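Offset between the sequence shown (1-based) and our numbering: plus 36. A virtual CB, placed ideally from N, CA and C, is assigned to each residue, including glycine. Predicted model only: the values in this text are computed from it and were never measured. Right, one structure below, let's go through it.
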Amino acid sequence: MFKFSRNSEKKLQYLHPNLQNFFRELIKISPYDFSITQGIRTAEEQNKLYQQGRTVPGKIVTNCDGYKLKSNHQTKSDGLGHAGDIAILINNKITWEEKYYKEVARAGRILMKKYNVEWGGDWEKFKDLPHFEYIGE
């Protein structure tokens with residue numbers, strides 16, 4: 037059984053309670069260790085990610101600019117973030133291989149229903165395998 041580092045716990049603390057509970061249960065049943073890489077973001081941080089693959093080199097990783105189109109990583113009216121991203125660790129090294137993210141998501145399917153969480157890997161147009169978000173009651 038895996039557990040979160042202090043850094044991951046710090047990133048969890050500003051997320052919606054459903055997401056916190058989801059991630060804390062998921063790490064216990066996950067076939068692979070993972071860390072929380074992203075919790076809440078400021079509009080500036082979101083916009084910097086949005087520029088990636090557009091005005092700065094790199095792969096496009098988001099369609100939300102942080103200002104006109106806000107990300108669920110940004111705080112909502114409840115003061116909390118409604119999205120979190122993970123990085124899967126294989127032999128203590130981060131991997132972005134799709135198969136690992138699919139296996140972790142498969143392990144968490146019941147938890148997703150329990151906590152009203154959606155996986156970015158299920159999206160039709162823009163797959164975001166490390167991304168999970170609270171979708172409301």
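For the stretch 123-164, the full-length beta strand (DSSP E) segments reaching 3 residues or more read 129-131, 153-155 along the chain.
Residue state for Glu-173 is assigned as coil, using DSSP reduced to three classes. With respect to His-167, His-118 sits apart: the two C-beta atoms are not nearer than 7 Å. Residue pairing of Ala-119 in beta bridges, as defined by DSSP: Glu-169. In chain order, Phe-70, Ser-71, Thr-73, Ile-130, Pro-166 place their CB closer than 7 Å to the CB of Ala-123, counting only its own chain and leaving out the 5 sequence neighbours on each side.
With respect to Gln-82, Ser-107 sits close: the two C-beta atoms are nearer than 7 Å. A distance below 7 Å between beta-carbons, with the five flanking residues on each side excluded, links Leu-116 to the following residues of its chain, in chain order: Tyr-50, Leu-51, His-52.
Between Gln-110 and Arg-77, the C-beta gap is smaller than 7 Å, which places the two residues in contact. In this structure, the beta-carbon distance from Val-140 to Ser-66 falls below 7 Å.
Note on geometry: alpha-carbon atoms of Ala-143 and Leu-48 lie some 20 Å from one another. No Cβ-Cβ contact shorter than 7 Å links Asn-57 with Asn-152. When DSSP states are grouped into helix, strand and coil, Ser-71 belongs to the strand group. In this structure Glu-154 is in contact with Glu-169, their Cβ atoms being roughly 6 Å apart against a cut-off of 8 Å.
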